[in-house]
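Novice: To start, I am sharing the structure in question, which I have written as structure tokens.
2 protein chains.
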Amino acid sequence: MQPNAYTGACPTRVVLDRIADKWAVLILGLLAEGPMRFNSLRRSIERLSQKVLAQTLRRLERDGLLTRTAFPTVPVTVEYALTPLGRTLAETVDALRLWAEAHITEVQAAQRAYDGRGLVMPDA
Amino acid sequence: MQPNAYTGACPTRVVLDRIADKWAVLILGLLAEGPMRFNSLRRSIERLSQKVLAQTLRRLERDGLLTRTAFPTVPVTVEYALTPLGRTLAETVDALRLWAEAHITEVQAAQRAYDGRGLVMPDA
DNA sequence: CTGGATCCTCAACGATACTG
DNA sequence: CAGTATCGTTGAGGATCCAG
Chain A
1 MQPNAYTGAC
11 PTRVVLDRIA
21 DKWAVLILGL
31 LAEGPMRFNS
41 LRRSIERLSQ
51 KVLAQTLRRL
61 ERDGLLTRTA
71 FPTVPVTVEY
81 ALTPLGRTLA
91 ETVDALRLWA
101 EAHITEVQAA
111 QRAYDGRGLV
121 MPDA
Chain B
1 MQPNAYTGAC
11 PTRVVLDRIA
21 DKWAVLILGL
31 LAEGPMRFNS
41 LRRSIERLSQ
51 KVLAQTLRRL
61 ERDGLLTRTA
71 FPTVPVTVEY
81 ALTPLGRTLA
91 ETVDALRLWA
101 EAHITEVQAA
111 QRAYDGRGLV
121 MPDA
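Going down the list, the sequences are from chains A and B. First residue of the first sequence: 1, per full-length UniProt numbering; consecutive thereafter. First residue of the second sequence: 1, per full-length UniProt numbering; consecutive thereafter.
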């Protein structure tokens, strides 16, 4: 039996819910370029609270997508890096971010057209 | 100035938030294979309520990713179809679903390993 | 520096009922 | 068939403080 995300009971649904997530996309996109520390990630992603960052990192770690390495320095240094599995996903989700950045103008134009429908009378 | 999803103020962030969405991914995945009607979509995606489906469809329509066509039959028939812009996105987001379905086993294994860390003593 | 614990708020969602 | 409207709940997330 194949996994099927359209089936409600399939565990795939839970995974999809986690990776189809704005913050996960941005985090994986950063880590694709190399390991990073907690505060470095926090500063790189504006409006991402420390709580949600910690939450998201722990979930991604649990899913085997990244590793958390603590170095016994003072104060402690923690580094996050993609696993091989995470690397296969990073390319996929980064494509999502790139799509958004590439097509933002078209989307905004569509939004203006939608919001203005019926409010103007073209050539009538 | 390039759009940058890591910048909090960038409109790209809003778009990313919308397309990095479980339901949007599943809807676009279905429409990639051809136009569909409302209740057909609803039945095809388990646990998706009619309210959230309507909401998501309207947002995707506003973003110029799909079209809504109502046929004056009795009762009314409404068909949803991808726009050319939506088609460029559908492939990208469908890759997300396919990744989830392809790697679910590895993710679940990682989850078990994570949840069981420290609870067993390997070969000690 | 890297978080965990707490409190609080608001918005998303399910359920339900109704309409063209 | 294809939705809109309303209500009630819940849980995600911001803010803040504290600790190893």
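Note that beta-carbon positions come from the ideal geometry of N, C-alpha and C, so glycine has one too. Source: prediction; values computed, not measured.
Would you check if the distance between the CB atom of A81/B and the CB atom of V15/A is smaller than 8 Å?
Specialist: Contact: no.
Novice: Any idea which residues DSSP pairs E79/B with across the strands?
Specialist: Looking at the DSSP assignment, E79/B forms a beta bridge with R37/B and T69/B.
Novice: Helix, strand or coil for A102/A? Go by DSSP, reduced to three states.
Specialist: helix
Novice: May I ask which residues mark the beginning and end of the alpha helix (DSSP H) holding A5/B?
Specialist: Counting along the chain, A5/B falls outside any alpha helix (DSSP H), and DSSP gives it neither H nor E.
Novice: Along chain A, in chain order, which residues have C-beta atoms closer than 7 Å to that of Q6/B?
Specialist: Checking the sequence shown, residue 6/B turns out to be Tyr, not Gln. Counting only Cβ-Cβ distances below 7 Å, Y6/B has contacts in chain A at L26, S44, I45 and E46, in chain order.
Novice: Measure how close the beta-carbons of R37/A and T67/A come, nearest whole angstrom, since I'm counting them as under 8 Å.
Specialist: With a Cβ gap of about 13 Å, R37/A and T67/A do not count as contacting.
Novice: So what's A20/B in DSSP terms, helix, strand or just coil?
Specialist: coil
Novice: Could you work out which residues of chain A lie near L66/B, taking near to mean beta carbons separated by less than 7 Å?
Specialist: What L66/B touches in chain A: nothing, since even the nearest Cβ is about 10 Å away.
Novice: Under 8 Å Cβ-Cβ, which residues of chain B neighbour P35/A?
Specialist: Simply none; closest approach about 17 Å.
Novice: Determine the direct distance from the alpha carbon of D115/B to that of D123/B, and round the result to whole angstroms.
Specialist: Low per-residue confidence applies at D123/B: pLDDT is 44, beneath 50, and the placement is therefore not dependable enough to give any value.
Novice: Going by CA-CA distance only, name the one from L89/A, A110/A and T105/A that's closest to A102/B.
Specialist: L89/A
Novice: Classify A20/A: buried if its beta carbon has 16 or more other beta carbons within 10 angstroms, exposed otherwise.
Specialist: buried
Novice: According to the neighbour-count rule (16 or more other Cβ atoms, all chains shown, within 10 Å of its Cβ), is R13/A buried or exposed?
Specialist: buried
Novice: Does the distance from the C-beta atom of V52/A to that of R97/A stay below 8 Å?
Specialist: For the pair V52/A and R97/A, the CB atoms are not nearer than the 8 Å cut-off.
Novice: Are Y6/B and S44/A closer than 8 Å when you measure CB to CB?
Specialist: Yes, Cβ-Cβ distance for Y6/B and S44/A is below 8 Å.
Novice: With distances taken between CB atoms, is the gap from V93/B to G29/B smaller than 8 Å?
Specialist: The answer is yes: Cβ separation under 8 Å.
Novice: The alpha helix (DSSP H) with V52/A in it runs from where to where?
Specialist: For V52/A, the uninterrupted alpha helix (DSSP H) segment begins and ends at Q50 to R62.
Novice: In three-state terms, what does DSSP make of R47/A?
Specialist: coil
Novice: Consider the Cβ of T79/A: report whether some Cβ of chain B lies at a distance smaller than 8 Å.
Specialist: The question names Thr, yet the displayed sequence has Glu at residue 79/A. No, E79/A does not count as interfacial toward chain B.
Novice: Out of N4/A, P11/A and L41/A, point me to the one whose CA is closest to D109/B's CA.
Specialist: Correcting the residue identity first, residue 109/B is Ala in this sequence and not Asp. When each option's Cα is compared against that of A109/B, the closest is P11/A.
Novice: Where does A124/B sit, in a helix, a strand or coil, going by DSSP?
Specialist: In this prediction, A124/B has a pLDDT of 38, which is less than 50 and means its spatial position is unreliable; what the coordinates show is noted afterwards. In this structure, A124/B counts as coil in the three-state DSSP scheme.
Novice: Nearest chain B C-beta to D123/A closer than 8 Å, yes or no?
Specialist: With a pLDDT of 47 at D123/A, under the threshold of 50, the predicted position of this residue should be treated as unreliable, though the coordinate-derived value follows. No, no contact with chain B.
Novice: Less than 8 Å between the beta carbons of A32/A and A95/B, yes or no?
Specialist: no
Novice: Could you work out which residue in R112/A, A113/A, T105/A and R117/A is closest to N4/B when comparing CA atoms only?
Specialist: T105/A
Novice: For K22/A, which residues in chain B fall below 7 Å Cβ to Cβ?
Specialist: L16, D17 and A20
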